[in-house]
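The sequence shown: position 192 = 194 (our numbering), numbered continuously.
For glycine and all other residues, C-beta sits at the position ideal for the given N, C-alpha and C.
Fair warning: this is a prediction, and the values are worked out from it, not measured in the lab.
One structure is given here, and the rest of the page talks about it.
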Amino acid sequence: MATSLIYKNGALYEAAMLALYGRHYFSRYRVIAGLIPDEASVLDVCCGPAVLYKRYLAKKRVDYTGLDVNEGFIRKLRSMGINGKVWDLRTDAPLPNADYVIMQASLYHFLPNASPVFGRMIDAARKQVIIAEPITNIATSRVSLLSKIGRRFTDSGHGEEALRFTEDTLDELFKRYGPLVKTSFLIPGGREKVYVLEK
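This is how it looks when you write it as structure tokens:
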């Protein structure tokens, strides 16, 4: 499966995220980790190189499983003794159950209709679903060169994806799950919005 360069190497992926988020890069992980209690079970959907676990959740002694379509990322996690599974969320297979099901900056991969993936996450969660999704995106920049770069370098293996969420379109999606939405807020820097849904 062909992917863009940043999806071929965990260090490159993290460097790209650091460039995007700047001084708020670590905040995006700390915010999510702060929502997870010690010793909970966690399913990290589209986990990438599992930065959230390695830097923040491992010390909380969580029962962690990372899912990603990228075989290289999962192979590296397993070599470090981290539970990871190659998983394509575009199939309709039910997800493994966990207390907390998390997705960071990946829901846009399933546009124009992210609802089926999101529905499976809700089904898998025993307690909460936590989504953090970008609402400011290079791929939707009015500067054509920037938007082209944004689309090209976010190809996780399914081709370039031009569609992204804005805050309004993300809010619209979550309105469908109104009774489940416990809270929503912007991370420091305002690039991502977090939604916490409670079962």
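For G68, there is no enclosing alpha helix (DSSP H); the residue is found in the beta strand (DSSP E) stretching over D65 to D70. According to the DSSP assignment, G86 belongs to the beta strand (DSSP E) that extends over G86 to V88. For I34, the uninterrupted alpha helix (DSSP H) run begins and ends at Y27 to A35, by DSSP. Boundaries of the beta strand (DSSP E) around S186: V183 to L188. For D46, the enclosing beta strand (DSSP E) stretches over residues S43 to V47. Leaving aside the five residues that flank A127 on each side, the residues in its chain whose CB is nearer than 6 angstroms to its CB run, in chain order, V103 and K201. With respect to the 8 angstroms criterion, A35 and L69 are not classified as neighbours on the basis of their beta carbons.
The C-beta of F187 has fewer than 16 other C-beta atoms within 10 Å across all chains shown, which makes the residue exposed. About 5 angstroms separates the Cβ atoms of V47 and M105, confirming a contact at the 8 angstroms cut-off.
Contact between V131 and L175 does not hold, since the beta-carbon distance rounds to 13 angstroms and is not under 8 angstroms.
In this structure, the beta-carbon distance from K78 to P98 does not fall below 8 angstroms.
Secondary structure within the region 105-146: the alpha helix (DSSP H) runs of 4 or more consecutive residues, fully enclosed, are 117-126 (chain order). Cβ-Cβ distances below 8 angstroms link S117 to L175 and R178 in the same chain, with the five nearest sequence neighbours on each side left out; the list follows chain order. Rounded to the nearest whole angstrom, the CA to CA distance from D94 to G180 is 24 angstroms. Relative to the Cα of V64, the nearest Cα in the group Y31, R32, D101 and C49 belongs to D101.
Secondary-structure assignment with DSSP links Y197 through a beta bridge to I133 and S186. Setting aside the 5 residues that flank it on each side, R32 is surrounded in the same chain by Y58, each with a C-beta closer than 7 angstroms to its C-beta; the list follows chain order.
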